[in-house]
Ligand code: GLP
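Numbering (the working numbering), first residue to last: 11 to 248.
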């Protein structure tokens, strides 16, 4: 695991964009694994800026997002489908993009089809990840055994509380989600983990403590052969 510590959020976003641009320049038909949350917003804004400047092209690229709330309509302002269209897909030229379908009536079938689609695409070349305050990646919450396949999961109180800031009063927050499991995440040839802000300092300290804490899903990344972590000073302040 390679660690890069930068001054601030803007520097992290720009360095992450460099990695995406390099990936697409080396392999224009890359399969990209994408993430949501507040952390990648700066990266996506930077990729849009570079696309508009003619520096990067997504026309041969395909993407698979990590997760989606369940149940949720694609057009719900807090769905990850809406987030991705608003922040990236409507502004650049991806050949194809995929997210788990939060509208499905058959989540198990949806999860199986999602894994098949990732496999048929040849697996993921570059997987972007953020980090939950409890160490989750995607929506793989701390537990005793982690699913390999895409799954319907219940969200923990910690995650519901951390993400409640996005749901205004009176808007019901889903308590479940569809998330890629460790099979698809570990199929990625390279993983890019972004960690920003003081709220992540405690879990970042645990992640880099030199132990694989089984109650910190992100610790499993320590076993992947090619992970780059880019973080800001606030996240590594402990
Ligand atoms: C959500 C997403 C994760 C994301 C995490 C951190 O729960 N499912 O993929 O990494 O939040 O979010 P943030 O970047 O807003 O701290």
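No residue lacks a Cβ here, since even glycine has one placed at the ideal position from N, Cα and C.
If you're wondering where the values come from, they're calculated on a predicted model, not measured in any experiment.
On the criterion of 16 or more Cβ atoms from any shown chain inside 10 Å, does residue i qualify as buried, or is it exposed?
i	result
residue 26	buried
residue 78	buried
residue 235	exposed
residue 151	buried
residue 33	buried
residue 178	exposed
residue 205	buried
residue 111	buried
residue 227	buried
residue 213	buried
residue 148	buried
residue 210	buried
residue 14	exposed
residue 237	buried
residue 222	exposed
residue 135	buried
Of the residues the options, which one's Cα is nearest the Cα of residue i?
i	options	result
residue 22	222, 202, 213, 217	202
residue 255	232, 172, 154, 98	Residue 255 cannot be examined here, being either before or after the span of the chain that is shown, 11 to 248.
residue 64	193, 248, 35, 142	35
residue 153	90, 225, 120	225
residue 129	80, 88, 72, 81	72
residue 146	195, 91, 133	195
residue 241	116, 31, 230, 53	53
residue 199	181, 40, 17, 14	40
residue 114	216, 208, 84	84
residue 122	158, 89, 182	158
residue 233	217, 246, 248, 245	217
residue 137	193, 56, 80, 102	193
residue 61	12, 19, 31	31
residue 116	89, 80, 87	80
residue 12	248, 231, 101	231
residue 87	181, 248, 229	181
residue 250	169, 56, 20	In the structure as shown, the chain begins at 11 and stops at 248. Residue 250 is therefore absent and cannot be evaluated.
residue 16	207, 229, 220, 156	207
Name the DSSP beta bridge partners of residue i, please?
i	result
residue 108	74
residue 102	None; residue 102 has no bridge partner.
residue 249	Since the first residue of the chain shown is 11 and the last is 248, residue 249 is not available in this structure.
residue 189	77, 161
residue 150	147
residue 136	42, 200
residue 232	Looking at the DSSP assignment, residue 232 forms no beta bridge with any residue, so it has no partner.
residue 239	13, 203
Indicate whether at least one CB of chain B lies closer than 8 Å to the CB of residue i.
i	result
residue 97	This model lacks chain B altogether, as it is built from one protein chain only.
**Study point:** Those residues, in chain order, that have a beta-carbon closer than 6 Å to some heavy atom of the ligand GLP
**Key:** 45, 46, 47, 48, 49, 76, 77, 140, 141, 142, 148, 149, 169, 173
**Study point:** Contact between the stretch 174 to 194 and the stretch 151 to 165 (3+ Cβ pairs under 8 Å)
**Key:** yes
Check your understanding: Is the stretch 163 to 182 touching the stretch 99 to 111 in the sense that three or more CB pairs, one from each, lie closer than 8 Å?
Key -> no
Review point. Contact between the stretch 62 to 76 and the stretch 33 to 50: three or more CB pairs below 8 Å?
Key: yes
Exercise for review: Could you tell me whether the stretch 122 to 139 touches the stretch 85 to 95, using the rule of 3 or more Cβ pairs below 8 Å?
Suggested key: no
Practice item. Take every Cβ of the stretch 129 to 148, pair it with every Cβ of the stretch 47 to 55, and state whether three or more of those distances are shorter than 8 Å. Key: yes
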